[in-house]
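Worksheet for the structure shown next.
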Amino acid sequence: MKGFDNEKYIRLQSQNIAERVNKFGGKLYLEFGGKLFDDYHASRVLPGFLPDTKVEMLSHIKEEVEIVIVINAADIAGNKLRADLGITYEEDVLRLYDELTARGLLVGSIVIAQYSSENVAAINFEKRLAGYGVKVYRHYQIDGYPLNVSHIVSEEGFGKNDYVETSRKVVVVTAPGPGSGKMATCLSQLYHDSKRGIKSGYAKYETFPVWNLPLNHPVNIAYEAATADLNDVNMIDPWHMQAYGQSAVNYNRDVEVFPVLNAIFTRLMGTSPYNSPTDMGVNMAGYCISDDEVCCYAGKQEVIRRYLNAKTQVRKGKCDASVVDKLDIIMSKLELTEEDRRAVVYARTCAKEHGCVAGALVTEEGLTALGKSSALLSCTAAMLLNSLKTLARLPDVNLIAPQALEPIQKLKRNSFGEKNVQLHADEALISLSVSASVNPMAELALEQLPKLRGSQAHLTAIPSHADEKVLRRLGIQATCDAVFPSKRVYFGQE
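Here the sequence shown is numbered in this note's numbering, starting from 412 and rising by one per residue.
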C-alpha cells in the first residue's frame, strides 16, 4: 500500500527550490541532507516515495543545477562504510559521480573537507580523482569552527579554503553520509562569493525530520532511530515558535548551531535571511503524505528494523551498546516489541519447531515463505527458493535436484577447502538458473525474483556475508536475531 504521492512531491519540491533561488536573486547553494538517490530509508517510511525521487526531481531542473560532492578526509583515512550498500565513502563518491553523470546531471567537482598534508589516504584519493580528470578542491580544518565566528569568517578561516568554481544557478552540495562537511562547504562558498561581489544564498534540503508532522509521529521517530549513533534528537524548533508562533519539528544539531549560523550569515550578508533553522529548509514531503495510517505503520516497522540491526551490529562488535539502549527507549515510546514485525514471529516459530536456524519472508502482497538451514542449503538460500515457489504458486517440490547440488559441495570442500559446504543464496540461485534451461518450474520460479524487492525477511541467526549481500542486492529488507549460527569466530567471506 502507498502512503505518499511521489508525483506531487516532485512537482512541489521543484517549485519550492525555484522560489528559493528567486528569493536570493543569484546563486543558491543547496545542502542536500540524507541520500541524493538510493534513499531507501525514505522509501521505507514513506511508502510510495521512490529511492531515486530526489535525483528525479533535480532532473526536472537539470539545466540550472550543478552538483558538488563533499567527502571528509577523516572518512577516507578511516575507510568509513556506507552500511546500506556495503561500500566505503571513498568508493561511494566515485559511484555518485558516475551515476549522476549518467543521468545527465553536471557534477562540477569534488571537495575534500578537512584536508591535511599528513593524511596519506586523502592525498592518494585526490591523485586518483585527478587521474580520472575530475576537478578536486581542498577545504581545511578551521580552528574554532563553528563557534569562533570572527576567525571563521576571515582569510585565516574560510579564506584559506579553495574557491569551488561553479557555473549554474543551483549548486547542490551532497555527500556519501552525515558529518562530511556539506554545510561548511556552502558557507565557505558564500564567503568567497561575497569577496568576489557575487550574490548568493544558502538553503537546506533535508527530508527528515518532516517539519510539519507532529514531533512524535512514527515517521519522525523513525528518523531518530536511524540516527541513534549520531545522538540526534527531534525537538520543537524554539526559534520558529518565537518568530511565528507556530510549531515546527527540527533536530538538536540544527537548533543548537542556528545562533552561530545566524551570526555567520549576518557577518557575510549584513543581515540573516532566516529567522529559524526550519526557515532554511525547502522540504515539501509533509504535504505529500496521502495516507497517514500507512506511513505511521511503516515508521513503526522501520524502528523495529533499526533496533534489530543495531543489536546485531553490537554482537559483531561494530556498534556501541549505547545505541541499542537509545533504540530501546524509542521502541518503548511507540509501545513496540520485536514480535510486531511479522517475519520475526514466523521465523522464530519455525526455528523452535524444527530446532534449527530458520528464516521467514513476507512479500508486499502479504504472502509468507519459510526456510530452514540444512546440510545442502543455508537458511537464506532455502527461504529464497521457497519464496519463489510461493510467488509462482508451485507445489512444494525440489526445483533443483539434490544430486545436482552435491558436486558443488564437493568442489567447495575438496578444491576450495571450505568447512561450510552449504550452498549460499547466490550459489543456489545460480543453480536454479541452470536448472531453468531444462525445468519449466525452475524457469517460472526464477521469473519471480523481481517480486521479492521490498519484501520483509527475518533470520534467527546472523547470515553469512555472501547471503547478506544477496538479500541486499535483491532489495529485501532483512533483519536477524543477534546470534551467531555456530561457535566459530572466523567466517572469512562466507
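Glycine included, every Cβ here is placed at the ideal spot set by N, Cα and C. Note that this is a predicted model, so its numbers are computed, not measured.
- request: Flag this pair as yes or no: are the beta carbons of Val583 and Leu799 separated by less than 7 Å?
  value: In this structure, Leu799 does not lie closer than 7 Å to Val583 by Cβ.
message: Using a Cβ-Cβ cutoff of less than 7 Å, which residues in the same chain neighbour Leu626 once the five nearest sequence positions on both sides are dropped?
response: Excluding the 5 residues flanking it on each side, Leu626 has same chain C-beta neighbours closer than 7 Å at Asn645, Ile647, Val660, in chain order.
task: Classify Ser789 as buried or exposed, calling it buried when 16 or more other Cβ atoms lie within 10 Å of its own Cβ.
output: Ser789 should be labelled buried.
task: Hey, could you find the ends of the beta strand (DSSP E) Gly437 is sitting in?
output: Unbroken run through Gly437: none, as it is neither H nor E.
query: Using the beta-carbon count (16 or more within 10 Å), is Gln904 buried or exposed?
result: In this prediction, Gln904 has a pLDDT of 49, which is less than 50 and means its spatial position is unreliable; what the coordinates show is noted afterwards. Burial call: exposed.
message: Let me make sure I understand the geometry here. Which of Phe443, Val481, Gly710 has the alpha-carbon closest to that of Lys465?
response: When each option's Cα is compared against that of Lys465, the closest is Phe443.
message: When you compare the CB positions of Ile521 and Val560, do they come within less than 7 Å of one another, or not?
response: Going by beta carbons, Ile521 and Val560 fall outside the 7 Å limit.
field: Sequence-distant residues of the same chain with beta carbon closer than 7 Å to Ala654, five excluded per side
entry: Correct list, in chain order: Asn686, Ser687.
message: For Asp690 and Phe669, what's the separation of their Cα atoms in angstroms?
response: Approximately 11 Å, taken between the alpha carbons.
task: Could you work out which residue in Ala893, Leu795, Tyr634, Glu858 is closest to Arg916 when comparing CA atoms only?
output: Lying before the first or after the last residue shown, residue 916 is absent from the chain, which here runs from 412 to 905.
- prompt: Taking Glu378 as the reference, which of Ile609, Glu567, Ala614 has the closest Cα?
  reply: Given that the chain is displayed from residue 412 to residue 905, the structure contains no residue 378 and the question cannot be resolved.
query: What's the C-alpha gap between Ala853 and Thr791?
result: Taking the straight line joining both Cα atoms gives about 18 Å.
message: Once the 5 residues before and after Asp837 are set aside, which same chain residues still bring their CB inside 7 Å of it?
response: Taken in chain order, the residues that qualify are Ala877, Val881.
- request: Measure the C-alpha to C-alpha separation of Ala453 and Lys446 and round it to an integer number of angstroms.
  value: C-alpha separation (whole angstroms): 9 Å.
query: Should the region 863 to 873 be called in touch with the region 746 to 758, which here means at least 3 C-beta pairs below 8 Å?
result: Yes, the region 863 to 873 is in contact with the region 746 to 758.
query: Between which two residues does the beta strand (DSSP E) harbouring Thr585 extend?
result: Element bounds for Thr585: 581 to 585.
message: Which runs of the alpha helix (DSSP H) at least 4 residues long sit entirely within the region 837 to 890? Give them in chain order.
response: Within the region 837 to 890, the runs of alpha helix (DSSP H) at least 4 residues long that lie entirely inside it are, in chain order, 851 to 857, 876 to 884.
message: Can you tell me whether Val692 is helix, strand or coil according to DSSP?
response: Sequence inspection shows Gly at residue 692; the Val mentioned does not correspond to that position. DSSP places Gly692 in strand when its eight states are reduced to three.
task: Go ahead and pull the three-state DSSP assignment for Phe448.
output: Note: Phe448 maps to coil in three-state DSSP.
field: Ala639 versus Val476, Met742, Pro813, Leu505, residue with shortest Cα-Cα distance
entry: Of the candidates Val476, Met742, Pro813, Leu505, the one whose C-alpha sits nearest the C-alpha of Ala639 is Met742.
message: Pop quiz: Leu679 and Val504 are said to be a contact at Cβ under 8 Å. What is the actual Cβ separation, rounded to whole angstroms?
response: About 28 Å; that fails the 8 Å criterion.
query: Leaving out five residues before and five after Val531 in sequence, what residues of the same chain have Cβ atoms less than 6 Å from its Cβ?
result: Closer than 6 Å at Cβ, skipping near neighbours: no residue.
query: Any idea what DSSP makes of Ile811, helix, strand or coil?
result: Coil, per DSSP.
query: If we ignore side chains and look at the alpha-carbon of each, how far apart do Tyr543 and Val432 end up?
result: So the alpha carbons of these two residues sit roughly 32 Å apart.
field: Selection from Met695, Ala541, Leu540, Gln600 that minimises the alpha carbon distance to Gly568
entry: Checking every option, the nearest Cα to that of Gly568 belongs to Gln600.
query: Between Val734 and Ala721, is the Cβ-Cβ spacing less than 7 Å?
result: A contact, by the Cβ cut-off of 7 Å.
query: I think Pro458 touches Lys419, with their Cβ atoms under 8 Å apart; what is that distance to the nearest whole Å?
result: Actually they are not in contact, since the Cβ atoms of Pro458 and Lys419 sit about 15 Å apart, beyond 8 Å.
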